[in-house]
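Q: Attaching a single structure in structure tokens format; questions to follow.
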Amino acid sequence: MSAGTPEAVSAEAAAVPAPATEAIVDRDYPVTPVPRHARKGFFSLMVVLLGFTIFTPTMLAGAALGQAFGLRELLVVIAVGSLVLGAYVAVLGWIGARTGLTTVVMARYTLGTRGSKLASILLGGTQIGWYGVVIGTIGELTAQAFGWESSLARAAIMIGVSALMCATAVYGYRGMYWVSLISTPLILILAFWVMFRSLEEVGGWAGLAAIEPSGSMTLAVAVTTVVGTFVSAGTQAPNWTRFGRSGKQAVIACVVGFLIGNGLMIFFGAIGAITFGEGDFVLVLFQLGLIGWGLFLLFGNLWKSNADAAYSFGVAGAELFEKPSKTRFVIAGSIIGTVLALLGVGDHLPQYLGLLGTFIPPLGGVIIGDYLARWRRTQMPVGETLPRFNWVNLGVYVVSCAVAWSAGQLEIGIPPVIGIIAALVLTVLLSRLTPRRAAA
């Protein structure tokens, strides 16, 4: 049976099912290209990506930087790290807008129709883990704010907010857009107010610049910290940029979200650590006695960010099991994440999930390199007769992960960036050895 026969197409072309059916089953098109009529404008795309990156836990990374650098050096570190992160995500976002595909469906073309399951498990599983961490954080901070000792009260809060986030993700792109549109401006206004309140504590910008750092950190580690805050989640930016009407819109929206939005959250965290000894503005507001505003910042911020996580593991599940709808996987993943939070497993997950920050970026590098080398002209066409396993690109991914991990162990450079560059370069160099179609 040859690759060009109808039988071969039926057996191997699992890359993307027929889009007409998907439009009826799930209007978010989890496993098919987003059609032109469903594309969104630049403002919509920017709002969703800003809602994704305005994430208060990012402030904790900023807190570590604020204790290690003076103001001038701090701004340089944030600018360099955010530029690296923004550039990487912008390229992936551009590909997403041009192909209309999610990251995990792109992986079918890069790793094969069965090899792509590795990407779905890696990306979807990581997001379920972070979902559980965030649910647990909300339960603990809410109990702390009200002085609740009862574990039942914590559990009720966790289950309630999880249901809200799950429903938002099930509703899809539109749900995340409206939540982000309403909450993000209010959260930014509140965050800027806390920043200026912090500056009053130290005598303005001049007073802030005069404060000597209490810790130390190398430049490479500092930039790695900035890049690492969202490089794993940023690898899934095509989940949203695929709704963009053009690659240019997607690039600008990614720059606004990941360079400006994420950079601001890191800076806010640094300011809070320097002035109040606390990087999380939620806890700063608690210290100032503004419990209500602190809870608003907590719920408003984590609601939209965790809905994005639920959406991500929903589309990953749809690809993994080759189903036309994300809904059942959003619900199942949300239940698993909530159970992890209730069991307290979330307290032990962050370091493990952070380690995955070394292994996820090379996947983005392979996708970028493979797209530029093999798919840029044809845009990953529907029905392509793809191989089950693309062993060349899978090998590149494994080697790039090993290089990134080794760089981290030896404290050489910026491990996530090294992994991305190694994967991109090797994929382009070996593209001639990579089969585009399934073997006969």
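Count along the sequence shown from 1, then add 475; that gives the number in the working numbering.
Note that beta-carbon positions come from the ideal geometry of N, C-alpha and C, so glycine has one too.
1) Within 10 Å of its beta-carbon, does I741 have 16 or more other beta-carbons around it, so buried, or fewer, so exposed?
2) From this set, G894, V522, G832, A784, which residue's C-alpha is nearest S875's C-alpha?
3) Do three or more CB pairs link the region 702-710 to the region 554-565 at distances below 8 Å?
4) If distances are taken between C-alpha atoms only, which option among L593, F667, G516, V654 comes closest to A725?
5) Going by Cα to Cα distance, which pick from S809, L739, V579, G888 is closest to G537?
6) Is the beta carbon of G752 closer than 7 Å to that of R573?
7) Can you tell me whether A748 is buried or exposed? The criterion is at least 16 other CB atoms within 10 Å of its CB, across all chains shown.
8) Between V551, F527, I610, which has its C-alpha nearest A816's C-alpha?
9) In terms of alpha-carbon separation, which member of L838, T860, L908, M855 lies closest to A879?
10) Below 8 Å, can you find three or more Cβ-Cβ pairs linking the region 792-810 to the region 589-600?
11) Taking DSSP's pairing of strands, which residues face G719 in a bridge?
12) Identify whether T496 lies in helix, strand or coil by the three-state DSSP scheme.
13) Nearest-angstrom Cα distance between S707 and V698?
14) Using only the alpha-carbon positions, how far apart do G736 and I529 sit?
15) Less than 8 Å between the CB atoms is what I'm expecting for G571 and T716, so what's the real figure, rounded?
16) Enumerate in chain order the residues of its own chain whose CB-to-CB distance from L567 is below 6 Å, with the five nearest sequence positions on each side excluded.
17) Pull up the distance between the alpha-carbon of D501 and that of S691, whole angstroms please.
18) DSSP three-state call for N737: helix, strand or coil?
19) Quick check: the Cα distance between L772 and E624, rounded to an integer number of angstroms?
20) Which whole-angstrom value is the C-beta distance of M670 and F761, which I expect to be below 8 Å?
21) If contact is defined by three or more beta carbon pairs under 8 Å, each pair taking one atom from either stretch, is the region 576-589 in contact with the region 841-849?
22) Give me the residue from D755, V873, T612 with the minimum Cα distance to R629.
23) Between the beta-carbon of G650 and the beta-carbon of T643, is there less than 7 Å?
24) With H, G and I counted as helix, E and B as strand and the rest as coil, what does DSSP make of F761?
25) Excluding sequence positions up to five away, which residues of its chain have a Cβ less than 8 Å from the Cβ of D755?
26) If you drop the 5 nearest sequence neighbours on each side, which residues of the same chain put their C-beta closer than 7 Å to that of W569?
27) Write down the C-beta distance between V506 and P799 rounded to the nearest angstrom, noting that I regard them as a contact closer than 8 Å.
28) Excluding the 5 residues flanking R589 on each side, which residues of the same chain have their C-beta closer than 7 Å to its C-beta?
29) Spatial neighbours of V731 within its chain, please: C-beta separation below 8 Å, excluding the five flanking residues on both sides.
30) Put R863 into one of helix, strand or coil per three-state DSSP.
31) Using the C-alpha atoms, what's the distance from G858 back to P688?
32) Look at the Cβ atom of C729, then the Cβ atom of V564, and state whether they are nearer than 7 Å.
33) Have a look at N868 and V551 and give me their C-alpha separation to the nearest angstrom.
34) Ordered along the chain, which non-local residues of its own chain (more than five positions away) have a Cβ less than 6 Å from that of T496?
35) Grab me the residues of I634's own chain with a C-beta within less than 7 Å of its C-beta, minus the 5 sequence neighbours each way, in chain order.
36) Quick check on this structure: which residue in A620, R514, G614 has the alpha carbon closest to the alpha carbon of L417?
A: Taking the coordinates as given:
1) Looking at its Cβ environment, which holds 16 or more other Cβ atoms inside 10 Å, I741 is buried.
2) Comparing Cα-Cα distances from S875 to each of G894, V522, G832, A784, the minimum goes to G894.
3) At 8 Å Cβ cutoff, the stretches touch.
4) Distances from the CA of A725 to each of L593, F667, G516, V654 were compared; the closest alpha carbon is that of G516.
5) With respect to the C-alpha of G537, the residue from S809, L739, V579, G888 having the closest C-alpha is L739.
6) No, the Cβ-Cβ distance between R573 and G752 is not below 7 Å.
7) Taking every protein chain shown into account, the CB of A748 has 16 or more other CB atoms within 10 angstroms, so this residue is buried.
8) Nearest option by C-alpha distance: I610.
9) Nearest option by C-alpha distance: L838.
10) Judged by pairs of C-beta atoms under 8 Å, the region 792-810 touches the region 589-600, as three or more such pairs exist.
11) Beta-bridge pairing by DSSP links G719 to K515.
12) In this prediction, T496 has a pLDDT of 43, which is less than 50 and means its spatial position is unreliable; what the coordinates show is noted afterwards. Correct three-state label for T496: helix.
13) Taking the straight line from one Cα to the other gives about 15 Å.
14) Near 6 Å, if we compare the C-alpha coordinates of I529 and G736.
15) About 4 Å; that satisfies the 8 Å criterion.
16) Closer than 6 Å at the Cβ level, and outside the excluded window around L567, lie A712, P713, G839.
17) If you take the alpha carbons of D501 and S691, they lie about 50 Å apart.
18) DSSP, reduced to helix, strand and coil, places N737 within a helical segment of the structure shown.
19) If you take the alpha carbons of L772 and E624, they lie about 22 Å apart.
20) 16 Å between Cβ atoms; not a contact.
21) In this structure the region 841-849 touches the region 576-589; the number of beta carbon pairs closer than 8 Å is three or more.
22) Comparing alpha carbon positions, the residue from D755, V873, T612 closest to R629 is T612.
23) Cβ distance < 7 Å, so G650 and T643 count as in contact.
24) Looking at F761 - three-state DSSP - the assignment turns out to be helix.
25) Excluding the 5 residues flanking it on each side, D755 has same chain C-beta neighbours closer than 8 Å at T531, P532, M534, L535, A538, G744, G747, in chain order.
26) If we look at W569 and ignore the five residues flanking it on each side, its Cβ neighbours are G722, A725, V726.
27) The distance from the Cβ of V506 to that of P799 is about 6 Å, consistent with a contact at the 8 Å cut-off.
28) Only R863, F864 meet the Cβ criterion.
29) For V731, where only same-chain residues beyond five positions count, the Cβ hits under 8 Å are M521, L524, L525.
30) R863 falls in the coil class under three-state DSSP.
31) Going from the Cα of P688 to the Cα of G858 covers about 57 Å.
32) With respect to V564, C729 sits close: the two C-beta atoms are nearer than 7 Å.
33) Approximately 35 Å, taken between the alpha carbons.
34) At T496 the pLDDT is 43, less than 50, meaning the model places this residue with poor confidence and gives no usable figure here.
35) For I634, where only same-chain residues beyond five positions count, the Cβ hits under 7 Å are T813.
36) What is shown of the chain runs 476 to 915, which leaves residue 417 out entirely.
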